[in-house]
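One structure is given here, and the rest of the page talks about it.
2 protein chains.
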Amino acid sequence: MAWKAPLQDMQFVLEHWLRAEQAWQRLPAYADVDLELALQVLQEAARFSEQVLAPLNAPGDRQGCRLEQGRVRTPDGFAAAYRAYVDGGWPALACEPRCGGQGLPLVLDAAVQEMLFASNHGWAMYTGIAHGAYLCLKAHGSAQLQARYLPGIVSGASLATMCLTEPQAGSDLALLRCRAEPLGDGSYAVTGNKLFISGGDHDLTRDILHLVLARLPDAPAGSRGLSLLLVPNGLEGGVGNGVQCDGLEHKLGIRGSATCALRFEGAKGWLVGQAHGGLAAVFVMMNSARLHVGLQGLGHAEAAWQLARDYALERRQMRAPGHSPSAGGAAADPIHLHPAMRLTLLELRVRTEGMRTLGYWTAHWLDVAGASTDPALRAKASTLAALLTPIIKAAFTDYGFSLSSKALQVFGGYGYTCEFPIEQVLRDSRIAMIYEGTNEIQANDLLLRKVLGDGGEGFALLLGELRAEAGAGQGAAAEALGTVCDRLQGVVAEVERSAAHGPQYPYRAAGAFLQLCATALQAFAWARTVRCLEALQADAPLRREKHESATFFFNYLLPDFDRQVAAIEAAACPLPFIGEPF
Amino acid sequence: MAWKAPLQDMQFVLEHWLRAEQAWQRLPAYADVDLELALQVLQEAARFSEQVLAPLNAPGDRQGCRLEQGRVRTPDGFAAAYRAYVDGGWPALACEPRCGGQGLPLVLDAAVQEMLFASNHGWAMYTGIAHGAYLCLKAHGSAQLQARYLPGIVSGASLATMCLTEPQAGSDLALLRCRAEPLGDGSYAVTGNKLFISGGDHDLTRDILHLVLARLPDAPAGSRGLSLLLVPNGLEGGVGNGVQCDGLEHKLGIRGSATCALRFEGAKGWLVGQAHGGLAAVFVMMNSARLHVGLQGLGHAEAAWQLARDYALERRQMRAPGHSPSAGGAAADPIHLHPAMRLTLLELRVRTEGMRTLGYWTAHWLDVAGASTDPALRAKASTLAALLTPIIKAAFTDYGFSLSSKALQVFGGYGYTCEFPIEQVLRDSRIAMIYEGTNEIQANDLLLRKVLGDGGEGFALLLGELRAEAGAGQGAAAEALGTVCDRLQGVVAEVERSAAHGPQYPYRAAGAFLQLCATALQAFAWARTVRCLEALQADAPLRREKHESATFFFNYLLPDFDRQVAAIEAAACPLPFIGEPF
Numbered sequence: 002m003a004w005k006a007p008l009q010d011m012q013f014v015l016e017h018w019l020r021a022e023q024a025w026q027r028l029p030a031y032a033d034v035d036l037e038l039a040l041q042v043l044q045e046a047a048r049f050s051e052q053v054l055a056p057l058n059a060p061g062d063r064q065g066c067r068l069e070q071g072r073v074r075t076p077d078g079f080a081a082a083y084r085a086y087v088d089g090g091w092p093a094l095a096c097e098p099r100c101g102g103q104g105l106p107l108v109l110d111a112a113v114q115e116m117l118f119a120s121n122h123g124w125a126m127y128t129g130i131a132h133g134a135y136l137c138l139k140a141h142g143s144a145q146l147q148a149r150y151l152p153g154i155v156s157g158a159s160l161a162t163m164c165l166t167e168p169q170a171g172s173d174l175a176l177l178r179c180r181a182e183p184l185g186d187g188s189y190a191v192t193g194n195k196l197f198i199s200g201g202d203h204d205l206t207r208d209i210l211h212l213v214l215a216r217l218p219d220a221p222a223g224s225r226g227l228s229l230l231l232v233p234n235g236l237e238g239g240v241g242n243g244v245q246c247d248g249l250e251h252k253l254g255i256r257g258s259a260t261c262a263l264r265f266e267g268a269k270g271w272l273v274g275q276a277h278g279g280l281a282a283v284f285v286m287m288n289s290a291r292l293h294v295g296l297q298g299l300g301h302a303e304a305a306w307q308l309a310r311d312y313a314l315e316r317r318q319m320r321a322p323g324h325s326p327s328a329g330g331a332a333a334d335p336i337h338l339h340p341a342m343r344l345t346l347l348e349l350r351v352r353t354e355g356m357r358t359l360g361y362w363t364a365h366w367l368d369v370a371g372a373s374t375d376p377a378l379r380a381k382a383s384t385l386a387a388l389l390t391p392i393i394k395a396a397f398t399d400y401g402f403s404l405s406s407k408a409l410q411v412f413g414g415y416g417y418t419c420e421f422p423i424e425q426v427l428r429d430s431r432i433a434m435i436y437e438g439t440n441e442i443q444a445n446d447l448l449l450r451k452v453l454g455d456g457g458e459g460f461a462l463l464l465g466e467l468r469a470e471a472g473a474g475q476g477a478a479a480e481a482l483g484t485v486c487d488r489l490q491g492v493v494a495e496v497e498r499s500a501a502h503g504p505q506y507p508y509r510a511a512g513a514f515l516q517l518c519a520t521a522l523q524a525f526a527w528a529r530t531v532r533c534l535e536a537l538q539a540d541a542p543l544r545r546e547k548h549e550s551a552t553f554f555f556n557y558l559l560p561d562f563d564r565q566v567a568a569i570e571a572a573a574c575p576l577p578f579i580g581e582p583f
Numbered sequence: 002m003a004w005k006a007p008l009q010d011m012q013f014v015l016e017h018w019l020r021a022e023q024a025w026q027r028l029p030a031y032a033d034v035d036l037e038l039a040l041q042v043l044q045e046a047a048r049f050s051e052q053v054l055a056p057l058n059a060p061g062d063r064q065g066c067r068l069e070q071g072r073v074r075t076p077d078g079f080a081a082a083y084r085a086y087v088d089g090g091w092p093a094l095a096c097e098p099r100c101g102g103q104g105l106p107l108v109l110d111a112a113v114q115e116m117l118f119a120s121n122h123g124w125a126m127y128t129g130i131a132h133g134a135y136l137c138l139k140a141h142g143s144a145q146l147q148a149r150y151l152p153g154i155v156s157g158a159s160l161a162t163m164c165l166t167e168p169q170a171g172s173d174l175a176l177l178r179c180r181a182e183p184l185g186d187g188s189y190a191v192t193g194n195k196l197f198i199s200g201g202d203h204d205l206t207r208d209i210l211h212l213v214l215a216r217l218p219d220a221p222a223g224s225r226g227l228s229l230l231l232v233p234n235g236l237e238g239g240v241g242n243g244v245q246c247d248g249l250e251h252k253l254g255i256r257g258s259a260t261c262a263l264r265f266e267g268a269k270g271w272l273v274g275q276a277h278g279g280l281a282a283v284f285v286m287m288n289s290a291r292l293h294v295g296l297q298g299l300g301h302a303e304a305a306w307q308l309a310r311d312y313a314l315e316r317r318q319m320r321a322p323g324h325s326p327s328a329g330g331a332a333a334d335p336i337h338l339h340p341a342m343r344l345t346l347l348e349l350r351v352r353t354e355g356m357r358t359l360g361y362w363t364a365h366w367l368d369v370a371g372a373s374t375d376p377a378l379r380a381k382a383s384t385l386a387a388l389l390t391p392i393i394k395a396a397f398t399d400y401g402f403s404l405s406s407k408a409l410q411v412f413g414g415y416g417y418t419c420e421f422p423i424e425q426v427l428r429d430s431r432i433a434m435i436y437e438g439t440n441e442i443q444a445n446d447l448l449l450r451k452v453l454g455d456g457g458e459g460f461a462l463l464l465g466e467l468r469a470e471a472g473a474g475q476g477a478a479a480e481a482l483g484t485v486c487d488r489l490q491g492v493v494a495e496v497e498r499s500a501a502h503g504p505q506y507p508y509r510a511a512g513a514f515l516q517l518c519a520t521a522l523q524a525f526a527w528a529r530t531v532r533c534l535e536a537l538q539a540d541a542p543l544r545r546e547k548h549e550s551a552t553f554f555f556n557y558l559l560p561d562f563d564r565q566v567a568a569i570e571a572a573a574c575p576l577p578f579i580g581e582p583f
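Protein sequences appear in the order of chains A and B.
Here the numbering used here runs 1 ahead of the position in the first sequence, where the first position is 1.
Here the numbering used here runs 1 ahead of the position in the second sequence, where the first position is 1.
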């Protein structure tokens, strides 16, 4: 029941769904990347994930991290796995060659991330923020800071953290209190307490680079008074830097990940970006992290699907209705033949594969945004990635958790025991709905900022992509997607018109709107899949299976769309207040 | 943030929604029970749950059970809490006076169970099966067995277990292998391995009565060859009885509950009911247990709601849109004012309170079934309880888990840590969807056996109750309920007609059908609530709040109904098979 990297499906997405090789040829930075190279990279990542990370997943969860004399010890094997990761050159994968990177497209990074998170979410927390820190430093760091710190991130000698949360300030960064006092030499003394800092301390690398949101002395109140500082855990010559791990959180899941309470006591740091411009700098990192978190949801769904499928193929209970007794004369049928289990298993497979196309598609738009020579296309790609990111983050992590629970149900009582790995997937998956901006924050970001914020202009681009697919395809799937597009456009128009329902109205509609978009995107994913299948041999098993999956999606899952539209309509109704118990 | 028994809402349900006092007057066995007595009982149970059980909930989870020299040690305080429970006379609550019981109605037992499960699910697992064992022995035990064992169950000197599951036989009892050989003196030697036995061993009582499903030597194969045996853990004079606890499960939740692997090695036991008639005997116990499990879902939902509400009233993050800054000048608003949190909190409150009416209503039908002097009414009440039980079991436990997850989201990152109690509610709640018949089994039981099994006759009785409520009320709620009834009737007729879709069709529709019934019942619950409110003072805060809850239900939650109808329609589409990965 060991997790296997879904290389076959990854190849299908790259080769047929994205037609990635052709797309890369249009982007000079990636023109040398062909499908063969891409698949080799994925095979290597698969080997690392299957052979190094997956075996550490359950033991790392059981052992957890511990704080010994002020330093964090990660579970046995985590540090060695990290050395193997560095030796494999993985930190450099999607970094630019001029920074020492391999210059591979983000779509490959997305596939690699999926594998890391699926095989060992707790471990992958340590490396997860590195690419965001790289992007942030590259975009906002001074030349000096870049020269000093980028090489370590790219080589993997350094790992990074994102130090935002404080006890009183979680979703609301405006409430941050951490201070940064100028020391006169261009550096700052950073003081304050940070909470829930993933990888805030560990024994994977000597160097840890903290990216800390803090306030300069003259900072305006609120979120516009935040500055981002790079605070290394140690200074030249092995001198400590006033960063102390005060404690580790005991958590529902990702127990192999050190979630630290950090105390900065006049720790030396340097501004990244402008004074009071910390939010802009942090958002570069945050957007990368949000896509990664969405890919965690995909990884959990894939892990859950594999576990449930393998168990259901093996476990026999009762006769399946309408199924003739198996030839071997066993007294019961494998449970994958039972209708309720078939519904569950198909939902697991179909949602997971749909998510994969959409997650990689989003990463591909980021590649286009960064590497196209056509400024208009770059702008469009940026807009699309910005719209897709909150949907991927929230919807994928919702699915990661709900699908893990459905997979656990397939195991019956065994699923509830720690003997079987599915309960860990359930526990691990739950955090992804919360961190990097709760899913409620994602929904507000999508509807309020990104759809309504520009009068629907950006959203029209996304809708245009879906309509183009509906127009390119034929048959029931394309037709259903066309209807979805019409209705989605109508919903957006209706929401735009409905300011009369008061200032809270779009916030009430936002959660359902995000889910509606996720359903529409899945319809798009499967309509395009159906069209891609024409390139496969008529009798290819993959072709048959993908057709069956698409049919299942349109018959059984697309009806979610109506419920989500109804929820947006319901949002026109005002809500009572929740008061103290009387 | 301590759990408080929801006595006010319990009183509302008893006094106004059920009009329980008037109902009891029509049942001679309960004619002496008035509202005042009922509320006194609930206040006592509340005190016990709040002061004795709730404080042991988190510590019991952390400490868990351990196996020491073959005997189970429960967490510190569990045994003392059980002594207090026995001293309070709680085991006797709903037992007949002729057996030493207090003869109180099951509807009060339901409220007490809700409190036990909400305050400490792990602990309540030990007592949870006792009433089922009492009913089973009373209905199927010989006079000798009753005389010997009933008093201990009623007094609480003995606790009972239900020994069904074996490693190869979970949902499928037909696969059971445990054997029972006649010893010639009317007793049997029971041999075999049982798995997942809650309270299979513990230190709460000396005497544990195992109710074991096993096969006699001449038994036919399959589930019709099962017999039920009572096997005490020890014999007269302190002699052991060949029952060994081989291990404890490490589980996602309910860690204070000892989930045992039991080995019976020629243990002496006595038949309960007929030889080969074990299933009939076990179903008495199982039906009681299924209602109890549904009440666990209610308890989890109530606990989750209280935790989320209290936190949301306290925690401040960001300005709520359209909300004028609070007078105190705080930089952020309490999060219960944020639209996304308001939606979550209202769903928590409204679902929980709706579940409470329906859970107690089901228990009340059991009281009518057992105590009415009118045979026709007894028959009707039995039918209604049989229909309602799988719905309560499955829908309530689905809600218990999904609402716990929603409540956890209110806490943000804190919710994911073990410092806050909500993650335990999430973990504990998950088992209830699995045990006592998975929720998929409940759905099959409802649609295949109880609705289609008698050609819809029984279901017409349930629909009649809903229609009567729709007719009795006025206004939007009653009208919406009327529409729900029409559509539900249409769905049942359609499902009955659709045999042409093949033998798997109703099994594909069963899960959605159960959810549909649950939504219809919630519409019924809230329509009746609206009507009941007329009895309250016009300016009573409870009246306003219940009106708001009902409005929220019909605006925001009832649209689930359409999605569930669509899922049943989708079930007409055949499903592909899940194969081995290729």
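The C-beta atom is built at its ideal place from N, Cα and C for all residues, glycine as well.
Just so we're clear, the structure is a prediction, and the values are computed from it rather than from any experiment.
Selection from B:Phe514, B:Leu367, B:Ala305 that minimises the alpha carbon distance to B:Thr390: B:Leu367
Closest Cα partner of A:His17 within the set A:Leu534, A:Gly457, A:Ser50, A:Asn440: A:Leu534
Can you tell me whether B:Ala222 is helix, strand or coil according to DSSP? coil
Candidates A:Leu347, A:Arg27, A:Ala32: which alpha carbon is nearest A:Leu378's? A:Arg27
What residues are listed by DSSP as bridge partners for A:Ile130? Paired residue(s): none; A:Ile130 is not in a bridge.
Just to confirm, are A:Gly193 and A:Thr162 a CB contact at a threshold of 8 angstroms? no
Please list the partners that A:Lys252 has in chain B, where partner means a Cβ-to-Cβ separation under 7 angstroms. Tyr417, Thr418, Cys419
Amino acids of chain B, ordered along the chain, whose beta-carbon sits closer than 9 angstroms to that of A:Ile579: Arg310, Ala313, Leu314, His337, Leu338, Met342, Arg343, Leu346, Leu347, Arg350
Considering only the alpha carbon of each residue, which of A:Ala85, A:Ala21, A:Tyr83, A:Ser143 lies closest to A:Leu109? A:Ala21
Is the shortest distance between the beta-carbon of B:Tyr400 and the beta-carbons of chain A less than 8 angstroms? no
Return the residue from the list B:Leu196, B:Leu236, B:Gly239 that minimises the CA-CA distance to B:His251. B:Leu196
Kindly give me the distance between the Cβ atoms of A:Leu346 and A:Ala305, rounded to whole angstroms, as I take these residues to be in contact under 8 angstroms. Not really, about 11 angstroms apart at Cβ, beyond 8 angstroms.
Count the CB pairs spanning the segment 563-577 of chain A and the segment 541-556 of chain B that are closer than 8 angstroms, and state whether there are at least three. yes
Endpoints, beta strand (DSSP E) assigned at A:Trp271: 260-273
Would you report the Cα separation of B:Tyr189 and B:Ala170, rounded to the nearest angstrom? 22 angstroms
Hey, how far is the Cα of A:Arg564 from the Cα of A:Ala444? 17 angstroms
Sort out for me which residues DSSP pairs B:Cys246 with in a bridge. B:Leu263
Can you give the Cα-Cα distance for B:Ala568 and B:Leu517, rounded to whole angstroms? 9 angstroms
Quick one: is A:Pro335 buried, meaning 16 or more other Cβ sit within 10 Å of its Cβ, or exposed? buried
List the endpoints of the continuous alpha helix (DSSP H) containing A:Pro542. 542-553
Let me confirm a value: A:Pro326 is counted as buried when at least 16 other C-beta atoms fall within 10 Å, else exposed. Which label applies? exposed
Does chain A have any CB closer than 8 angstroms to the CB of B:Asn556? yes
Within 8 angstroms of any Cβ in chain B, is that where the Cβ of A:Leu8 sits? no
Coarse secondary structure for B:Met319, derived from DSSP in three states: coil
Chain B partners of A:Phe397, CB-CB under 7 angstroms? Simply none; closest approach about 16 angstroms.
By the three-class DSSP mapping on this structure, what secondary structure does A:Asn445 have? helix
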